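In what follows, a structure is listed as C-alpha cells, so that the remarks can point back to it.
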Amino acid sequence: MSIFGVYNVSQASTILYYGLHALQHRGQEGAGIVTVDETEHFARFRGMGLVSEVFNKQNLATLCGRMGIGSVLYANKSKGGLNNVPPLFFHHHSGDFSIASDGNLVNARQIVDYLENKGGLFQTATDCELIAHLIKKEGGEDRINNLKDALNMMEGGFTFIIMTKNRLYAVRDKYGLKPLVIGSLGDGYVVASESCAFDLIGATLIRDVAPGEVICIDSKGLRSSRYSQFQRHKMCAMEYIYLARPDSDIDGCNVHAYRKESGRRLFQECPADADIVVGVPDSSLSAAMGYSEASGIPYEMGLLKNKYVGRTFIQPSQEMREKGVKMKLSAVRSIVRDKRIVLVDDSIVRGTTSLQIVRLLRDAGAKEVHVRIASPMMTHPCFYGVDTSTVEELLCAGRTLDEACNYIGADSLGFLSSPSTNRSCHAKADLCQACFTGEYPTVLYDFETEE
54 MSIFGVYNVS
64 QASTILYYGL
74 HALQHRGQEG
84 AGIVTVDETE
94 HFARFRGMGL
104 VSEVFNKQNL
114 ATLCGRMGIG
124 SVLYANKSKG
134 GLNNVPPLFF
144 HHHSGDFSIA
154 SDGNLVNARQ
164 IVDYLENKGG
174 LFQTATDCEL
184 IAHLIKKEGG
194 EDRINNLKDA
204 LNMMEGGFTF
214 IIMTKNRLYA
224 VRDKYGLKPL
234 VIGSLGDGYV
244 VASESCAFDL
254 IGATLIRDVA
264 PGEVICIDSK
274 GLRSSRYSQF
284 QRHKMCAMEY
294 IYLARPDSDI
304 DGCNVHAYRK
314 ESGRRLFQEC
324 PADADIVVGV
334 PDSSLSAAMG
344 YSEASGIPYE
354 MGLLKNKYVG
364 RTFIQPSQEM
374 REKGVKMKLS
384 AVRSIVRDKR
394 IVLVDDSIVR
404 GTTSLQIVRL
414 LRDAGAKEVH
424 VRIASPMMTH
434 PCFYGVDTST
444 VEELLCAGRT
454 LDEACNYIGA
464 DSLGFLSSPS
474 TNRSCHAKAD
484 LCQACFTGEY
494 PTVLYDFETE
504 E
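Just so it is clear: in the sequence shown, position 429 is 482 by our numbering, and no numbers are missing.
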C-alpha cells in the first residue's frame, strides 16, 4: 500500500494521479482519491485495478480543489475488495474527514473489541476505519490531542494521512517501520510513501517524517509535534530490499545504493564460480550489479521482463502469483545457453518465483544456476504490512539451506547475512529484520497465540 497527499496545489487531482502512478509498485489491486474544494465539499472516486485503469479525464474532473489524498491498495485475501480501497471518507457533526493509510496494526483485534463494546460498527477491514473511530470516540474539540490519543492506542508499523476540510495531518509510527516523506511544490506541500513520487510531479524533498511525529499542514504552513516520546529507527528491511523503488531515498539512504552495496557484500559472503551474473528484474538488478562489480564476473541481461505484468509477490493469491511469474519473465537463450550463471534475487519468500526462474534458465540451456539472495533466509512471518502472515507460506521456515536449495532446483544457494543486511545501509539505521531473525520490535498483541 502507498499513500500520497497534496496541500495548496493547483489541479490537485491530476497531481495525485501522477503521484499514485509513481507509487504503483506498492499496490496494484485498487486506487482511490479524495479531494476538497474551496466550498469545503469532499469528492471521492475509487476503483479496482491499476491507477491508469481506475482514473480518466472524466472522473478526475469531478475531483476539484487544491487539496487531496490518494492511495493504491496492496491487499491480501482478507483485506481486498472495493470496500477496503482507501482513502475512506467519514461524515461527522464536528466536520467531515478522509483517511489513507499504509502498513498494519498488530493490535487491531483488541481495538475492534474495545470499540464494538462501546457500540462501534464497522464497514471495512481497514486500519483507516479504526483510527477514525478512535479519533472521534470521546468527541473532544481538540483535534490534535484526539489524534494523539488515538495514535497512542495503536501498535504496529503504519503511516496515515488524514484530511479535514482545511488541513492535512501526516503521521508515522513511533518505530519508524514504514516510510513517509514531505516535499514542497510551489507554495504548497506534498506527502508520500516514497520520494520517487516527487520527481514525477516536480516537487522538492524536504525531509522524512520522523518516527512518532505528527505533521500538520494548513494555512499557517508546516508544523510538527510528537504523539510519543518513544522513538526508534527500525525501518523495515524489505523496504530497501524489495518494496521501494531504486530511485527513492528512505531515511537518508538511497535504495539503489543500498541494494548495490548488499550485492557487493553478498559476493564477499557467498562467492560462486560462474561465467555471468544475472539479476531478476526489477528489484534485484542493483544487487546483481554490485555482485558483478565485486566479483569481476560480467553482468548480463539473461532475463527479460514483460513490462505490462505487475509484481507477482503482491498478488493476493498464490495461484495468481504462479501464473504471474510465467507471464512476467522470459530467458534470453543466446545469453544463458551453456553458461554457469549466478542468479541474484532480492529475497525468497514462498519459493514460487525462484523455482520457476531456475527451471526457466535450465530450459533455455543454462549449464549451472547458482542462486544468491541479497537478504537473509526469511523464516518468520511479517505482521507490519508485508503479506507473509503464516510460517507455512515461507520456504525457509523449517528447512535447511540444502533443503531450500533442492526445493528450487539450484546448483547452490547462498544468502546475505543479517549483519550485512543492516550494514548495507547508513549508520543511523537499525533495520527491522523480524522476518529473518524473529526479533519483532513491537509486542504482537493480535498474534501472540499464533506464534
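Think of the CB as a built atom: it goes at the ideal place given N, C-alpha and C, for glycine as much as any other residue. Predicted model, so just to flag it, every value in this text is computed and none were measured.
Alpha carbon of residue i to alpha carbon of residue j, nearest angstrom
{"i": "Lys392", "j": "Leu296", "result": "30 Å"}
{"i": "Val62", "j": "Asp455", "result": "55 Å"}
{"i": "Asp302", "j": "Ser154", "result": "20 Å"}
{"i": "Arg79", "j": "Tyr242", "result": "22 Å"}
{"i": "Leu221", "j": "Leu396", "result": "45 Å"}
{"i": "Val444", "j": "Gly451", "result": "9 Å"}
{"i": "Cys289", "j": "Met354", "result": "29 Å"}
{"i": "Ile184", "j": "Pro429", "result": "34 Å"}
{"i": "Arg97", "j": "Ile401", "result": "38 Å"}
{"i": "Thr502", "j": "His146", "result": "Confidence is the limiting factor: at Thr502 the pLDDT is only 49, short of 50, which leaves the residue's position unreliable, though a coordinate-based value still follows. The straight-line gap from Cα to Cα measures roughly 40 Å."}
{"i": "Thr453", "j": "Ser471", "result": "17 Å"}
{"i": "Met54", "j": "Gly438", "result": "8 Å"}
{"i": "Thr406", "j": "Ala417", "result": "16 Å"}
{"i": "Leu73", "j": "Ile410", "result": "30 Å"}
{"i": "Val107", "j": "Ile214", "result": "21 Å"}
{"i": "Thr67", "j": "Glu91", "result": "17 Å"}
{"i": "Ala341", "j": "Ala463", "result": "17 Å"}
{"i": "Leu511", "j": "Gln77", "result": "Outside the displayed range of the chain (54 to 504) lies residue 511, so it cannot be described from this structure."}
Residue of the options minimising C-alpha distance to residue i
{"i": "Leu447", "options": "Leu158, Lys190, Pro434", "result": "Pro434"}
{"i": "Ser278", "options": "Gly85, Val267, Ala84", "result": "Val267"}
{"i": "Ile270", "options": "Asn219, Leu258, Met291", "result": "Asn219"}
{"i": "Met380", "options": "Arg285, Leu413, Asp90, Glu182", "result": "Leu413"}
{"i": "Thr432", "options": "Arg386, Ala417, Glu501, Tyr493", "result": "Tyr493"}
{"i": "Ser337", "options": "Ala325, Ala327, Lys358", "result": "Lys358"}
{"i": "Asp328", "options": "Phe283, Glu421, Val385, Lys273", "result": "Glu421"}
{"i": "Ala114", "options": "Asp464, Val89, Gly467, Lys273", "result": "Val89"}
{"i": "Ala161", "options": "Phe175, Gly148, Ser151", "result": "Phe175"}
{"i": "Ile394", "options": "His423, Arg386, Ile388, Ala384", "result": "His423"}
{"i": "Val389", "options": "His286, Arg415, Leu408, Asp398", "result": "Arg415"}
Coil, strand or helix - residue i by DSSP
{"i": "Ser277", "result": "strand"}
{"i": "Asp166", "result": "helix"}
{"i": "Arg61", "result": "Note that residue 61 corresponds to Asn in the displayed sequence, not to Arg. Coil at Asn61, not helix or strand."}
{"i": "Asp252", "result": "helix"}
{"i": "Gly343", "result": "helix"}
{"i": "Met430", "result": "coil"}
{"i": "Thr502", "result": "Any reading at Thr502 must be qualified, since the residue scores a pLDDT of 49, below 50, and its modelled position is unreliable; no value is offered."}
{"i": "Ile394", "result": "strand"}
{"i": "Leu497", "result": "coil"}
{"i": "Cys38", "result": "In the structure as shown, the chain starts at 54 and stops at 504, and residue 38 therefore has no counterpart that could be examined."}
{"i": "Ile270", "result": "strand"}
{"i": "Leu69", "result": "helix"}
{"i": "Leu174", "result": "coil"}
{"i": "Gly316", "result": "helix"}
{"i": "Asp455", "result": "helix"}
{"i": "Ile350", "result": "coil"}
Contacting residues, own chain, Cβ-Cβ under 7 Å from residue i (five flanking each side not counted)
{"i": "Pro69", "result": "Note that residue 69 is Leu in the sequence shown, not Pro. Once the five neighbours on either side are set aside, the close Cβ partners of Leu69 are Phe57, Val59, Ile86, Gly121, Gly123."}
{"i": "Glu314", "result": "Gly343, Ser477"}
{"i": "Cys345", "result": "Just to set this straight, residue 345 is Ser in the shown sequence, not Cys. Around Ser345: Val330, Pro351, Tyr352."}
{"i": "Glu504", "result": "Caution is warranted here: a pLDDT of 44 is assigned to Glu504, below 50, making its placement in the model unreliable, and no coordinate value can be reported."}
One or two residues paired with residue i in a DSSP bridge
{"i": "Asp302", "result": "Asn307"}
{"i": "Arg225", "result": "Thr212"}
{"i": "Cys289", "result": "Cys485"}
{"i": "Met101", "result": "Gly83"}
{"i": "Ala245", "result": "Phe57, Val234"}
Contact set for residue i: own chain, Cβ-Cβ below 6 Å, skip 5 residues either direction
{"i": "Leu168", "result": "His186"}
{"i": "Thr495", "result": "Val159, Glu208"}
{"i": "Arg317", "result": "Gly343, Ala347"}
{"i": "Ala75", "result": "Cys249, Ala250, Leu253"}
Residues of its chain near residue i, where Cβ-Cβ distance is below 8 Å and the 5 sequence neighbours each way are ignored
{"i": "Ser237", "result": "Val243, Ala256, Thr257, Ile259"}
{"i": "Thr474", "result": "Ala290, Ile294, Ser315, Ser428, Pro429, Leu484, Gln486, Phe489"}
{"i": "Asn205", "result": "Tyr280, Ser281"}
{"i": "Thr212", "result": "Ile56, Ser154, Asp155, Gly156, Ala223, Val224, Arg225, Asp226, Lys231, Pro232, Leu233, Ser246, Val262"}
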